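Everything on this sheet refers to the single structure shown next.
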Amino acid sequence: MTITDPREGFKNIAINYQKDTKKDIEIFEKKVEEVRNELVEMDEADIAKLVREKFANLNNSFIEKSNKMEEYVISNVPKKPEKVPNESLKESVKKNKAYKEQFNSYKEFVSWSMNIIDKLNKWFEQLFNEIIAFFKSLWNWIKAKVQDITTNVRKFVVTIANKFGQLCDYLFGKNK
Numbered sequence: 001m002t003i004t005d006p007r008e009g010f011k012n013i014a015i016n017y018q019k020d021t022k023k024d025i026e027i028f029e030k031k032v033e034e035v036r037n038e039l040v041e042m043d044e045a046d047i048a049k050l051v052r053e054k055f056a057n058l059n060n061s062f063i064e065k066s067n068k069m070e071e072y073v074i075s076n077v078p079k080k081p082e083k084v085p086n087e088s089l090k091e092s093v094k095k096n097k098a099y100k101e102q103f104n105s106y107k108e109f110v111s112w113s114m115n116i117i118d119k120l121n122k123w124f125e126q127l128f129n130e131i132i133a134f135f136k137s138l139w140n141w142i143k144a145k146v147q148d149i150t151t152n153v154r155k156f157v158v159t160i161a162n163k164f165g166q167l168c169d170y171l172f173g174k175n176k
């Protein structure tokens, strides 16, 4: 997918995402079976521990990636020029002017970045609400034994893949 930056003079930005292939789905189903086999011998406390560990890993992963993005944005702030001994006023003014231009560019970068973070936050909220709704539906289905679990999981995988596509459209506008 190629996203066109709305600002004049900027190149297109390539965003790659793909839906799960048949092999990806088979791997997912195999891992589900592995977990299912692990759960056979577990009691309630062991299962609660497993669930908490998985969610702790998810939370830590999000925090780690968020911290990396934050550090990247902060690391791009331009450095103020230092006054060098025997530097002419002309050189000092030139360096300060260049710094101000860089700092204004940095402000532009931050304004775009913060808006994207706001959009990501809203998108994640919607995504997690959909995941919770899916988990509720999955739990109700398992209790009622109405449909084939694989079909529901595949629908879920497709829904999540579509949500990632929507994220790209939401953040950068529809591909033109």
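In the UniProt record's numbering, the protein residues as written are 1 to 176. A virtual CB, placed ideally from N, CA and C, is assigned to each residue, including glycine. Fair warning: this is a prediction, and the values are worked out from it, not measured in the lab.
key: Limits of the unbroken alpha helix (DSSP H) element including residue 43   = No alpha helix (DSSP H) contains residue 43, which DSSP labels as neither H nor E.
task = Assess, as a yes-or-no matter, whether the stretch 88 to 95 is touched by the stretch 43 to 55 under the definition of 3 or more beta carbon pairs within less than 8 Å.
result = The answer is no - the stretch 88 to 95 does not touch the stretch 43 to 55, with fewer than three Cβ pairs under 8 Å.
ask   = Does the distance from the CB of residue 156 to the CB of residue 134 come in under 8 Å?
value = Using a Cβ distance threshold of 8 Å, residue 156 and residue 134 count as a contacting pair.
query = Among residues of its own chain, excluding the 5 on either side of residue 102, which ones have a beta-carbon nearer than 6 Å to its beta-carbon?
reply = The beta carbon of residue 102 sits closer than 6 Å to those of 78, all from its chain and outside the five residues before and after it, given in chain order.
Three-state secondary structure assigned by DSSP to residue 67 = Three-state DSSP puts residue 67 in a helix.
key: Distance between beta carbons of residue 159 and residue 130, contact taken as under 8 Å   = Indeed they touch by this definition, with Cβ atoms about 7 Å apart.
task = Taking only the alpha-carbon atoms, compute the straight-line gap between residue 57 and residue 111 and give it to the nearest angstrom.
result = Residue 57 and residue 111 have their C-alpha atoms some 31 Å from each other.
Separation of residue 63 from residue 53, as counted between CA atoms = For the pair residue 53 and residue 63, the Cα-to-Cα distance works out to about 15 Å.
query = How many angstroms separate the CA atom of residue 114 from the CA atom of residue 65?
reply = About 15 Å.
ask   = Is it true that the CB of residue 106 sits closer than 8 Å to the CB of residue 81?
value = The beta carbons of residue 81 and residue 106 sit no closer together than 8 Å.
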